[in-house]
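Peer 1: Chains as they are written, first to last, in this note's numbering: chain A, 48 to 123; chain B, 227 to 670.
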Amino acid sequence: MKKGVVIGGEFGKVIVRQKSDSPIELGELVIAETGKKRCCRLSTLLMQASFPSKTLSSFRECILKRMKTSLFLTLI
Amino acid sequence: MHLEENEDISFFDPHLRNYHLAILKNLITLKGGRAILAKSLPGFFSPVRALAAEDLSFLTTPKNPLFLGSLRSGSKEVNMPIYLNGKDMLCHHVLIAAATGKGKSNLMAGMLWDALGKDYAGMLVLDPHDEYYGRSKHGLKDHPQKERLAYYTPSNPPPGASTLKINLELLKPQHFYGVVDWSDAQQQALAGYYKKYGKDWIEAIVLDKPLPDDYHEGTVAVVKRRVMALLDLSFESNQLFCDGIFDITAGATIITDMVKEVSQGKIVIVDTSPFSGAVELLVGTLVATELFHFYRSAKGKGNLSSLPVAAIVLEEAPRVLGKDVLERGPNIFSTVAREGRKFQVGLVAITQLPSLIPRDILANMNTKIILGIEMKPEREAIMQSAAQDLSDDDRNIASLDKGEAIISSTFTKFAIPVKVPLFEDIIVQGKKDKVKTDFSELMR
Ligand SMILES: Nc1ncnc2c1ncn2[C@@H]1O[C@H](COP(=O)(O)OP(=O)(O)O)[C@@H](O)[C@H]1O
Ligand SMILES: [Mg+2]
């Protein structure tokens, strides 16, 4: 079962983007396939949602737009 | 998805923009079914997948296997039994650390159950809760090979068990030193009595027999009072009465019997539940000292390798291995922890407070079985002395549920997460297996 892909990190701290429908649990054992096989284990609970900077800006824009709209609506 | 005031928002391509990141730690690199230490990183965009049975082919059964539990992935149990080489593991000392109720005793019972069927290890279990034999519930007495189990209890021994009575002549001054806090003068008085009266020294103390050197009257009186209280002795019309487990006539061979049984690979359980802490330690010190001396002299005679390893199981270990206790001087348990390995004698120390044990002794315990620990200083003490780098596992250890363990050992390539089975389930399984073998005998 696919769990995600490696998108960066450093030794002892591999950053994996989780597949949305199969969350990784704290302490879970997973395998990263890189030609050679590797056995990785989730070691910290750094699993909260995070956004790459691009997404973050569009997210903010989106909130601002909604706020403007509602302001506009109250004015009327 | 809602924002404040319950307004709807939606994302463009939500599955691409909105996701979770997980941070993972390399444990080992698998190469052609072999496990090597991880020294490189997975490449960018390497796929990550769930564990499959064939990934675990590197986990083979070692020599002298001791069963600890099944491999665990997060909170899921993987159908893969985890064994360590029991002989290596036990004589290099084991620490079982966890908060109360996280399953230390349950794990120990399972380990004893497994070791009972094997002949590479003999064990001495000092059992302050009388929980391993299973006097009134299930326990080791239900084992199919229970003839390899010896049970000593002070009162009402069940059939097959022995009464715990220790002859006063077996006691020596050094058995008393770590048990209660003696002043230098008091220790000297104890030694003085032993020197002058030999094996009758306790009687000499109680009967106020004279000492050759000038000991302060007060010191001698305190020594007498304390020895009598500790051994539960009384004195009336010039006669000595034994009200506890220490006796003038009975129990002359009990300690040699126990040592012999351990050296034959048996498990010896000593029920110390009715005793005060000091008496329990006195009994433990007495047996452990003789066991250690037996193995040490076996090494001297060159026949150590024909003996099974001897492991001493100790609950509430900081009582004898705590920093404050050891400041007053070494005792038999710290001696075993420091040099027992040379003589094939190991400790299995059980505790909820590993931080009380000095660093050098913790580091000497080459296998640590860590169950759930809520208190941070306790987790730190364990992590700092573990065989693997567990510095990222703090939260992991804090969140371990009952029976969930991490085994960090010099005999494993990585800290293995394990689910320990419930002891009741092991017994049921053992009975099923026995029925199976019984059937096979019928069919032959
Ligand atoms: N491996 C396990 N699986 C399920 N439940 C367990 C397990 N180990 C312990 N327990 C439960 O927790 C209770 C306390 O366990 P115990 O071994 O006495 O803890 P401790 O000795 O650490 O205080 C047991 O009565 C049992 O019900
Ligand atoms: Mg317990």
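A virtual CB, placed ideally from N, CA and C, is assigned to each residue, including glycine. Since this is a predicted model, take the numbers as computed values, not measurements.
Regarding V646 (chain B) and ligand 1, is the C-beta to nearest heavy atom distance less than 7 Å?
Peer 2: Result yes, Cβ under 7 Å from ligand 1.
Peer 1: 8 Å is my cut-off, CB to CB: does S67 (chain A) come that close to chain B?
Peer 2: Yes, its Cβ sits closer than 8 Å to a Cβ of chain B.
Peer 1: Mind listing which residues of the region 256-281 of chain B have their C-beta closer than 7 Å to chain A's C-betas, in chain order?
Peer 2: Correct list: L256, K257, A264, L267, P268, G269, F270, F271, S272, P273, V274, R275, A276, L277 and D281.
Peer 1: Using 8 Å as the limit for Cβ to Cβ distance, is A248 (chain B) near chain A?
Peer 2: For A248 (chain B), the answer is yes, since a Cβ of chain A falls inside 8 Å of its Cβ.
Peer 1: Just jot down, in chain order, the residues whose CB lies closer than 6 Å to any heavy atom of ligand 2.
Peer 2: Residues flagged by the Cβ proximity filter: B:K330 and B:S331.
Peer 1: Evaluate F518 (chain B) with the Cβ neighbour count: other Cβ atoms within 10 Å of its Cβ, from every protein chain shown; 16 or more gives buried, anything less gives exposed.
Peer 2: When all chains shown are included, F518 (chain B) counts as buried.
Peer 1: State the Cα-Cα distance for the pair V448 (chain B) and V485 (chain B), rounded to the nearest angstrom.
Peer 2: Those two C-alpha atoms are separated by around 33 Å.
Peer 1: Is there a C-beta anywhere in chain B that falls below 8 Å from the one on I62 (chain A)?
Peer 2: I62 (chain A) counts as touching chain B.
Peer 1: Identify, in the order they occur along the chain, each residue of the same chain with its Cβ nearer than 6 Å to the Cβ of Y419 (chain B), setting aside the five sequence neighbours on each side.
Peer 2: Here the set comprises W427, A430 and I431.
Peer 1: Check whether the Cβ atoms of I179 (chain B) and V320 (chain B) sit closer than 8 Å, and answer yes or no.
Peer 2: The structure shown does not extend to residue 179 (chain B), since chain B is modelled only from 227 to 670, so the question has no answer here.
Peer 1: Using three-state DSSP, classify D483 (chain B) as helix, strand or coil.
Peer 2: DSSP places D483 (chain B) in helix when its eight states are reduced to three.
Peer 1: Among B:S611, B:F569 and B:K527, which has the Cα closest to the Cα of V535 (chain B)?
Peer 2: Per the Cα distances, B:F569.
Peer 1: Taking 7 Å as the cut-off, is the beta-carbon of T326 (chain B) closer than that to any non-hydrogen atom of ligand 1?
Peer 2: Flag set: Cβ of T326 (chain B) near ligand 1.
Peer 1: For G510 (chain B), I'd like the list of residues in its chain whose CB is within less than 6 Å of its CB, leaving aside the five on either flank, ordered along the chain.
Peer 2: Here the set comprises L352.
Peer 1: Could you spell out the range, first to last residue, of the beta strand (DSSP E) harbouring N311 (chain B)?
Peer 2: Segment K302 to N311, the beta strand (DSSP E) holding N311 (chain B).
Peer 1: Cutting at 6 Å between CB atoms, please list the residues of its own chain near L282 (chain B), excluding the five before and the five after it.
Peer 2: Once the five neighbours on either side are set aside, the close Cβ partners of L282 (chain B) are M306.
Peer 1: Reducing DSSP to helix, strand and coil, say where R605 (chain B) ends up.
Peer 2: R605 (chain B): helix per DSSP, three-state reduction.
Peer 1: Cβ of K49 (chain A) versus every heavy atom of ligand 1: is any distance shorter than 7 Å?
Peer 2: Not under cutoff, so the answer is no.
Peer 1: For T515 (chain B), report the span of its beta strand (DSSP E) as first-last.
Peer 2: Counting along the chain, T515 (chain B) falls outside any beta strand (DSSP E), though it belongs to the alpha helix (DSSP H) covering G503 to K527.
Peer 1: In terms of residues, what are the limits of the alpha helix (DSSP H) holding D550 (chain B)?
Peer 2: Segment K549 to E553, the alpha helix (DSSP H) holding D550 (chain B).
Peer 1: What does G418 (chain B) reach in chain A if we use C-beta pairs closer than 9 Å?
Peer 2: Neighbours of G418 (chain B) on chain A: none; closest Cβ ~58 Å, over 9 Å.
Peer 1: My guess is that I633 (chain B) and I642 (chain B) are in contact by the Cβ rule of under 8 Å, so how many angstroms apart are they, rounded?
Peer 2: Right, the Cβ-Cβ distance comes to about 5 Å (below 8 Å), so this counts as a contact.
Peer 1: Return the chain-ordered list of same chain residues with a C-beta closer than 7 Å to the C-beta of K330 (chain B), the five sequence neighbours on each side being excluded.
Peer 2: I322, A324, I576 and L597.
Peer 1: Do you know offhand how far V574 (chain B)'s Cα is from A537 (chain B)'s?
Peer 2: In a straight line, the C-alpha of V574 (chain B) is about 7 Å away from that of A537 (chain B).
Peer 1: Within 10 Å of its beta-carbon, does H318 (chain B) have 16 or more other beta-carbons around it, so buried, or fewer, so exposed?
Peer 2: With 16 or more other Cβ atoms within 10 Å, it is buried.
Peer 1: I need the boundaries of the alpha helix (DSSP H) containing Q412 (chain B), first residue and last residue.
Peer 2: Element bounds for Q412 (chain B): D410 to Y423.
Peer 1: Check whether the region 65-81 of chain A touches the region 276-290 of chain B, taking contact to mean three or more Cβ pairs, one atom from each stretch, closer than 8 Å.
Peer 2: In short, these stretches touch, since the Cβ pair count reaches three.
Peer 1: Is any heavy atom in ligand 1 found nearer than 7 Å to the beta carbon of G629 (chain B)?
Peer 2: Yes.
Peer 1: What number of angstroms, rounded off, separates the C-alpha of S100 (chain A) from the C-alpha of K66 (chain A)?
Peer 2: Bear in mind that a pLDDT of 25 at S100 (chain A), under 50, signals an unreliable position, so the model cannot answer this.
Peer 1: What residues in its chain sit with their C-beta under 7 Å from that of S97 (chain A), if we drop five residues either side in the sequence?
Peer 2: For S97 (chain A), the predicted structure reports a pLDDT of 22, less than 50, and the residue's modelled location is therefore unreliable. The matter cannot be settled from this model.
Peer 1: Which whole-angstrom value describes the C-beta separation of A563 (chain B) and N590 (chain B), a residue pair presumed to lie in contact below a C-beta threshold of 8 Å?
Peer 2: So it is a contact: roughly 6 Å between Cβ atoms.
Peer 1: Tell whether a beta-carbon distance below 8 Å holds between M337 (chain B) and F637 (chain B).
Peer 2: Cβ distance not < 8 Å, so M337 (chain B) and F637 (chain B) don't count as in contact.
Peer 1: Looking at chain A, which residues of the region 632-653 of chain B have a Cβ within less than 9 Å of any of its Cβ atoms?
Peer 2: The region 632-653 of chain B vs chain A, Cβ under 9 Å: I632, F640, A641 and P643.
Peer 1: Using a Cβ-Cβ distance cut-off of 8 Å, determine whether K628 (chain B) contacts chain A.
Peer 2: It does not: the Cβ of K628 (chain B) has no partner Cβ on chain A nearer than 8 Å.
Peer 1: Can you tell me whether K372 (chain B) is helix, strand or coil according to DSSP?
Peer 2: Helix.
Peer 1: Within a Cβ cutoff of 8 Å, which residues of the same chain sit near A478 (chain B), ignoring the five residues on either side of it in sequence?
Peer 2: Taken in chain order, the residues that qualify are N393, E395 and L396.
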